[in-house]
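Below is one structure, written out as structure tokens, with a few remarks after it.
Number of protein chains: 2
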Amino acid sequence: MDKKICDGNHEHCPAKITPDYDRLYDLSEFFKVFGDSTRISIISVLHEGGEMCVCDIADTLGISQSAISHQLRILRTAALVKPRRDGKTIYYSLDDEHVSEIYEVGLQHILHKRGEIEL
Amino acid sequence: MDKKICDGNHEHCPAKITPDYDRLYDLSEFFKVFGDSTRISIISVLHEGGEMCVCDIADTLGISQSAISHQLRILRTAALVKPRRDGKTIYYSLDDEHVSEIYEVGLQHILHKRGEIEL
DNA sequence: TTTACATATGAATACTTGTTCATATGTTCT
DNA sequence: AGAACATATGAACAAGTATTCATATGTAAA
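So the protein lines, in turn, are chains P and V.
Heads up: the first sequence at position 67 corresponds to 67 in our numbering, and the numbers run straight through without jumps.
Heads up: the second sequence at position 89 corresponds to 208 in our numbering, and the numbers run straight through without jumps.
Here it is in structure tokens:
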């Protein structure tokens with residue numbers, strides 16, 4: 001009952017590929033976290049400025065403390081940032097080296113597309 | 120009228136950072152494209168299998184031709200894939216080397232988190 | 001223990017987005 | 001020209017999500 005959409009008589013009919021949907025789902029969820037301007041801004045700020053407290057992030061970005069806190073939770077859950085408490089203040093920093101790497105590659109890509117970088 | 124949220128008396132009050140919001144918005148839009156399971160599956164399939172036509176992508180993933188076509192448009196608009204017409208058939212492939220790079224780094228990240236890879 | 005500060009969170013709302021269904025476009029073959 | 005095939009697209013609906021507002025938690029100082 002394999003419902004073929006096309007007749008399969010194409011010149012280029014590639015070898016069967018069996019996608020690992022679990023992996024791909026996790027992967028899309030991972031990238032989804034980068035795909036919001038507030039969250040990528042938080043990542044950017046932590047990437048540039050290193051460890052920073054919530055209110056300084058909010059102040060730097062001009063976004064409400066509540067909104068930042070909500071997004072930090074998502075970033076925390078995804079293990080992209082990690083908190084460190086010092087008294088009343090909680091400092092956040094990037095958790096994983098992959099985060100910086102992906103941020104940088106993505107940035108290079110859009111700078112390249114804008115012609116602001118030669119590569 | 121610089122409404123400070125915190126009093127700024129923290130031990131670690133970092134140097135002023137001025138985010139480039141235009142860049143960050145573009146960057147988030149870029150990552151947003153990766154952040155959908157259908158689109159990342161398309162990217163995955165093209166990454167593994169190289170150039171492939173629409174109906175083979177749909178067939179491989181078990182997703183309707185219409186849904187694939189809609190998502191291909193988004194990928195095309197973001198310049199992540201490029202089409203090549205051959206008669207009735209349109210073959211798609213990954214457009215930019217950055218796409219593969221980001222896909223691979225992201226995959227490594229989640230495999231690492233799952234403990235399926237040592238790094 | 002009150003008061004003030006830093007952060008987190010629940011509920012509600014407004015907005016975005018992915019899929020389906022039906023149909024349109026464009027190509028090839030007869 | 002007409003039929004069949006491959007892909008694209010518009011409209012509608014459902015589902016997800018980011019922000020705001022109000023408030024709660026937790027910590028430190030008075």
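Note that the Cβ used here is the ideal one computed from N, Cα and C, for glycine as well.
Spell out whether any CB of chain P is found under 9 Å from the CB atom of His189 (chain V). What you label residue 189 (chain V) is simply residue 70 of the second sequence in a count that begins at 1. Taking Cβ atoms only, chain P never reaches closer than 9 Å to His189 (chain V), which makes this a no.
Can you tell me whether Leu94 (chain P) is helix, strand or coil according to DSSP? As a working mapping, residue 94 (chain P) is identified with position 94 in the first sequence. Strand.
For Lys16 (chain P), does the three-state DSSP call read helix, strand or coil? For this step, residue 16 (chain P) is matched to residue 16 along the first sequence. Lys16 (chain P): coil per DSSP, three-state reduction.
C-beta neighbour in chain P for Ala186 (chain V), strict 9 Å: Counting from one through the second sequence, the residue named residue 186 (chain V) turns up at place 67. For Ala186 (chain V), not one C-beta of chain P is nearer than 9 Å to its own C-beta.
Asp205 (chain V): first and last residue of the uninterrupted beta strand (DSSP E) it sits in: Within the second sequence, residue 205 (chain V) is the residue found at index 86, counting from 1. Boundaries of the beta strand (DSSP E) around Asp205 (chain V): 200 to 205.
Name, please, each residue of chain P whose Cβ falls closer than 9 Å to the Cβ of Tyr211 (chain V). By one-based count along the second sequence, residue 211 (chain V) stands at place 92. Residues of chain P passing the Cβ test: none, with the nearest at roughly 11 Å.
Output needed for Ser100 (chain P): all residues of its chain with C-beta closer than 7 Å, excluding positions within five of it in sequence on either side, in chain order. Here residue 100 (chain P) refers to the residue found at position 100 when the first sequence is read from its first residue. His47, Leu94.
For Thr89 (chain P), list the residues DSSP reports as bridge partners. Within the first sequence, numbered from 1, the residue matching residue 89 (chain P) stands at position 89. According to DSSP, residue pairing for Thr89 (chain P) in a beta bridge involves P:Asp86.
Pair within 9 Å by beta-carbon distance, Asp159 (chain V) and Ser28 (chain P): Here residue 159 (chain V) refers to the residue found at position 40 of the second sequence. Here residue 28 (chain P) refers to the residue found at position 28 of the first sequence. Checking the sequence shown, residue 159 (chain V) turns out to be Ile, not Asp. Yes, the Cβ-Cβ distance between Ile159 (chain V) and Ser28 (chain P) is below 9 Å.
Compare the C-beta of Leu194 (chain V) against all C-beta atoms of chain P and say whether one is closer than 9 Å. In the second sequence, residue 194 (chain V) corresponds to position 75, counting from 1. No, Leu194 (chain V) lies away from the interface with chain P (no Cβ there is under 9 Å from its Cβ).
Out of P:Ala79, P:Thr89, P:Ile63, point me to the one whose CA is closest to Lys232 (chain V)'s CA. The residue labelled residue 232 (chain V) in the question sits at position 113 within the second sequence. Minimum Cα-Cα distance from Lys232 (chain V) among the listed residues P:Ala79, P:Thr89, P:Ile63 corresponds to P:Ala79.
Cβ-based neighbour list, Tyr103 (chain P), same chain, cut-off 8 Å, excluding 5 preceding and 5 following: Translated into the one-based positions of the first sequence, residue 103 (chain P) becomes position 103. Correct list, in chain order: Phe34, Ile40, Ile43, Ser44, His47.
In terms of DSSP beta bridges, what is Cys172 (chain V) paired with? Residue 172 (chain V) sits at position 53 when you count from the first residue of the second sequence. In DSSP, Cys172 (chain V) forms a bridge with V:Tyr210.
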